[in-house]
Structure formats: structure tokens, C-alpha cells
Amino acid sequence: MAAGEALVRQLLYGKTYTKKVLGANPKVCWEPDTFGHPVSYPQVLAKAGIKYYYFMRCGKKLPIFWWEAPDGSRVLAFNSIYNGEITAKNIVSIATEIARDYAIKSSMYLFGVGDHGGGPTRRDILAKMELDKRPALPNLIFSSSEDFYDEALKERMHYPVVKDELNPIFEGCYTTHSDIKKANREGENLLLTAEALATLASLYGYSYPHSSLKEAWEKVCFNQFHDIFDGSAIHSSYEYSGKLAQEAKESTERIIENSLAFFLPISKQRGKTKGSSSRC
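Residue numbering for the sequence shown follows UniProt numbering, beginning at 1 and increasing consecutively.
Next comes the structure, spelled out in C-alpha cells:
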């Protein structure tokens with residue numbers, strides 16, 4: 001439901017933040033709980049320098065595959081559950097599935113608490129240490145998702161190719177809480193208009209409002225968090241998101257008005273003859 005430019009901004013601001021705070025340049029787009037993935041998304045990801053994609057919702061019953069956009073851009077996608085519990089049964093199941101279907105030795109198993117940074121528990125770590133004592137089981141190591149994808153490409157380049165959207169679930173999200181969806185599209189369109197007008201005005205001396213536009217974009221992007229945007233969040237969250245949407249709208253409308261006023265300063269036109277010209 002987010003517009004293409006909004007997806008680009010999500011990646012831009014996210015990667016800028018991780019570079020500034022963590023000194024990292026992520027190659028993996030990590031979306032465990034989001035759903036409604038458009039077929040154009042691999043193109044957006046690839047152009048942002050993303051090589052790999054992890055998601056849990058709405059798979060094609062393929063654990064690993066190339067997801068390809070209409071322009072031919074690709075990301076290597078992995079589809080698996082998160083919140084997994086470290087048990088011998090679970091580890092053997094995921095390892096044998098990918099070995100059987102793709103003849104590769106590596107797989108990725110997501111464990112820990114939640115999809116929001118909860119991380120591993122003491123119980124998870126102790127369970128892993130216990131499984132290490134059983135040589136008949138697959139070798140289990142703590143690693144990064146990027147290492148897994150790199151290893152998967154070393155073992156094999158030819159995976160199934162999916163040229164389709166990944167949307168076959170939760171269709172009700174497209175109509176629930178239409179107010180936040182309407183506010184989102186209005187915010188996106190206003191921001192594109194504001195940027196165009198401010199850019200044009202800046203060519204003639206107008207001070208481009210970088211910080212105000214970025215702040216407005218961040219508010220619009222925040223409201224695209226999937227539990228807000230799809231209409232499944234609690235009521236109080238929509239009071240907050242509605243406030244953010246209104247703030248972004250008012251700020252963006254001021255930028256539009258100021259940009260137009262730069263070319264057509266109405267207050268200065270009063271008293272002039274009908275044929276007087278504007279600055280443009």
C-alpha cells in the first residue's frame with residue numbers, strides 16, 4: 001500500500017541510520033512479520049544495494065528462491081518462521097528440508113523472543129549447547145543472516161525464480177481503517193508536490209527546507225509500520241498515528257505555500273497594475 005517513493009525513503013532513512021549509529025551497510029532486508037509484498041519490490045531493494053530478503057508471511061512454499069521484479073532485478077529470498085524454539089526436531093527438520101530440495105548444506109533457523117529485537121533467551125543458549133553434545137545432529141552455530149545468504153550462494157547459484165507478488169494473506173488489511181490509508185496517500189502526494197515546488201524555487205534563491213521535509217517523510221514512513229497501516233493495531237495507536245499524519249500534512253502544506261509565495265508574493269502584488277509580472 002505504500003507508494004514506491006515511500007519505500008525508497010524507508011530504505012534511505014533506514015540505511016542512513018544504521019550507517020550513522022552502527023557503522024553498518026546492511027545487505028539484508030529483514031521483514032519477518034510484514035505482508036503484501038509487491039512484485040516491484042525486488043527492484044527497489046536492488047537499487048538500494050540490498051542483495052538478500054528475509055520474510056515469514058506469504059511465501060510460495062519455497063524456503064529459498066530468487067525473487068525477480070519485472071525489470072529483471074533480483075534478491076535472494078528466504079522464507080521461514082521466526083520465534084523458533086531450539087529443539088532437535090526443529091533443527092533436523094529445517095536442515096533436511098533444504099538439503100533434500102536444494103542439495104545445500106546450510107540453512108537458517110530463527111529463534112529468540114519476538115520480531116522486534118527480543119533476542120535469544122538463556123534457555124535458547126543452553127539448548128544449543130546441549131545439542132552440540134549430540135554429534136548425529138546437524139551442526140548448529142550462532143551466525144548472521146548475511147553469512148547464511150553468502151554461504152547459500154557459494155554452494156549454489158541456481159535457485160527457483162519467482163516473478164510474482166507475495167500477497168495471498170490478510171486481504172482485509174486493504175480496507176480496514178481506511179482513514180489511516182487515506183491520510184497516508186495524501187501525505188505521500190503532498191510531499192512529492194512540496195519537494196518539486198521547493199526544488200524549483202531553490203533554483204531561484206529559495207532556501208530548500210531539507211530538515212522539514214525529512215521530518216515530514218519520517219512521520220509518514222512511521223505510519224506505514226505494518227500493524228498501523230493494515231488496520232490491526234489497538235485504537236490508541238491510531239490516535240497517535242493520526243496526530244503524526246496531521247503534523248506531516250500541515251508542515252508539508254506550509255512548504256507548498258511558501259514555495260508558491262516565493263514566485264507569487266501576493267502581499268507584494270497589492271497595488272500594482274494588472275499587467276505587473278511575478279519573479280518567475
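Idealized CB from N, CA, C, for every residue including glycine.
### Query
What are the boundary residues of the beta strand (DSSP E) that Ala99 is part of?
Residue numbering aside, residue 99 sits at position 99 when the sequence shown is read from its first letter. It is not in any beta strand (DSSP E) - Ala99 instead sits in the alpha helix (DSSP H) that spans 88 to 102.
### Message
Tyr174 and Leu76 - do their beta-carbons sit closer together than 8 Å?
### Response
On the sequence shown, residue 76 is found 76 positions in, with the first residue counted as 1. On the sequence shown, residue 174 is found 174 positions in, with the first residue counted as 1. No, Cβ-Cβ distance for Leu76 and Tyr174 is not below 8 Å.
### Message
Buried or exposed, going by whether 16 or more other CB atoms sit within 10 Å of the CB of Lys107?
### Response
Counting from 1 along the sequence shown, the entry for residue 107 is found at position 107. It should be pointed out that residue 107 corresponds to Ser in this sequence rather than to Lys. The residue is buried, with at least 16 neighbouring Cβ atoms inside 10 Å.
### Message
So if DSSP puts Val75 in a beta bridge, which residue, or which two residues, is it bridged to?
### Response
Stepping through the sequence shown from its first residue, residue 75 is reached at position 75. BP columns for Val75 point to Trp67.
### Query
Just to confirm, are Ala194 and Ile255 a CB contact at a threshold of 8 Å?
To locate residue 194, count along the sequence shown from 1; it is residue 194. To locate residue 255, count along the sequence shown from 1; it is residue 255. Contact: yes.
### Query
Taking contact to mean at least 3 C-beta pairs separated by less than 8 Å, is the region 22 to 40 in contact with the region 55 to 73?
yes
### Message
My assumption, with CB atoms under 8 Å, is that Val8 sits in contact with Trp67. Please give the rounded CB distance.
### Response
Taking the first residue of the sequence shown as 1, we reach residue 8 at position 8. Taking the first residue of the sequence shown as 1, we reach residue 67 at position 67. Not really, about 18 Å apart at Cβ, beyond 8 Å.
### Message
Which residue wins for smallest C-alpha separation from Glu5, given the options Val28, Gly23, Tyr159, Lys47?
### Response
As a working note, residue 5 is residue 5 in the sequence shown. Considering only alpha carbons, the answer is Lys47.
### Task
Have a look at Phe142, Phe111, Ile64, Ile91 and flag the residue whose alpha-carbon is nearest the alpha-carbon of Ile104.
Within the sequence shown, residue 104 is the residue found at index 104, counting from 1. The candidate whose alpha carbon is nearest that of Ile104 is Ile64.
### Query
Between Gly242, Leu11, Asn90, which lies nearest to Pro26 when the distance is taken from Cα to Cα?
On the sequence shown, position 26 is the one that residue 26 refers to. With distances taken between Cα atoms, Pro26 lies closest to Leu11.
### Message
Give me, in chain order, the residues of the same chain whose beta-carbon lies closer than 8 Å to that of Ile81; leave out the 5 immediate sequence neighbours on both sides.
### Response
Along the sequence shown, read from residue 1 onward, the residue named residue 81 stands at position 81. Met56, Leu110, listed in sequence order.
### Task
Measure from the alpha carbon of Ala183 to the alpha carbon of each residue in Lys249, Asn139, Ala233, then state which is nearest.
Here residue 183 refers to the residue found at position 183 when the sequence shown is read from its first residue. Ala183 has its Cα closest to that of Lys249, out of Lys249, Asn139, Ala233.
### Message
Taking the straight line between their C-alpha atoms, what separation do you get for Leu244 and Ser211?
### Response
Mapped onto the sequence shown, residue 244 falls at position 244. Mapped onto the sequence shown, residue 211 falls at position 211. Each residue's Cα considered, the two are about 16 Å apart.
### Query
Any idea if Glu85 is buried or exposed, counting beta-carbon neighbours within 10 angstroms, 16 or more meaning buried?
As a working mapping, residue 85 is identified with position 85 in the sequence shown. Label assigned to Glu85: exposed.
### Query
So what does Phe111 bridge to, in DSSP terms?
Sequence index remark: in the sequence shown, residue 111 carries index 111 (1-based). According to DSSP, Phe111 bridges with Gly84.
#### Entry: Backbone secondary structure at His235 - three-state DSSP
For this step, residue 235 is matched to residue 235 along the sequence shown. Helix at His235.
### Query
For the region 186 to 224, which segments carrying the alpha helix (DSSP H) assignment without a break, of at least 4 residues, lie completely within its bounds, in sequence order?
210 to 222
### Enclosing beta strand (DSSP E) for Phe148 [first to last residue]
Reading the sequence shown from its first residue, position 148 is the one you call residue 148. Run containing Phe148: none in the beta strand (DSSP E); it sits in the alpha helix (DSSP H), 145 to 155.
### Query
Between Glu186 and Lys51, what straight-line distance do the alpha-carbon atoms span, to the nearest angstrom?
For the purposes of this step, residue 186 is taken as the residue at position 186 of the sequence shown. For the purposes of this step, residue 51 is taken as the residue at position 51 of the sequence shown. Looking at the two C-alpha atoms, the distance is approximately 31 Å.
### Own chain, CB closer than 8 Å to Val92, minus 5 neighbours either side, in chain order
Along the sequence shown, read from residue 1 onward, the residue named residue 92 stands at position 92. Within its own chain, the residues whose Cβ lies closer than 8 Å to the Cβ of Val92, once the five positions on either side in sequence are excluded, are Leu137, Pro138, listed in chain order.
### Message
Check this for me: beta carbons of Glu253 and Leu153, under 8 Å apart or not?
### Response
Against the sequence shown, residue 253 aligns to sequence position 253. Against the sequence shown, residue 153 aligns to sequence position 153. Contact: no.
### Message
Can you find the residues in the same chain that come closer than 6 Å, C-beta to C-beta, to Tyr13, ignoring five residues on each side of it along the sequence?
### Response
Mapped onto the sequence shown, residue 13 falls at position 13. So no residue of the chain qualifies.
### Query
For the alpha helix (DSSP H) that contains Val8, what are its first and last residues?
Reading the sequence shown from its first residue, position 8 is the one you call residue 8. From DSSP, the alpha helix (DSSP H) with Val8 extends over 4 to 22.
### Message
Give me, in chain order, the residues of the same chain whose beta-carbon lies closer than 6 Å to that of Leu260; leave out the 5 immediate sequence neighbours on both sides.
### Response
Taking the first residue of the sequence shown as position 1, residue 260 is located at position 260. Nothing listed; no residue qualifies.
### Message
Tell me the DSSP secondary structure of Glu31 in three-state form.
### Response
For this step, residue 31 is matched to residue 31 along the sequence shown. Strand at Glu31.
### Query
If Ala24 sits next to Thr16, beta carbons under 8 Å apart, how far is it from one beta carbon to the other, in whole angstroms?
Counting from one through the sequence shown, the residue named residue 24 turns up at place 24. Counting from one through the sequence shown, the residue named residue 16 turns up at place 16. The pair is not a contact, with the Cβ atoms about 11 Å apart (cut-off 8 Å).
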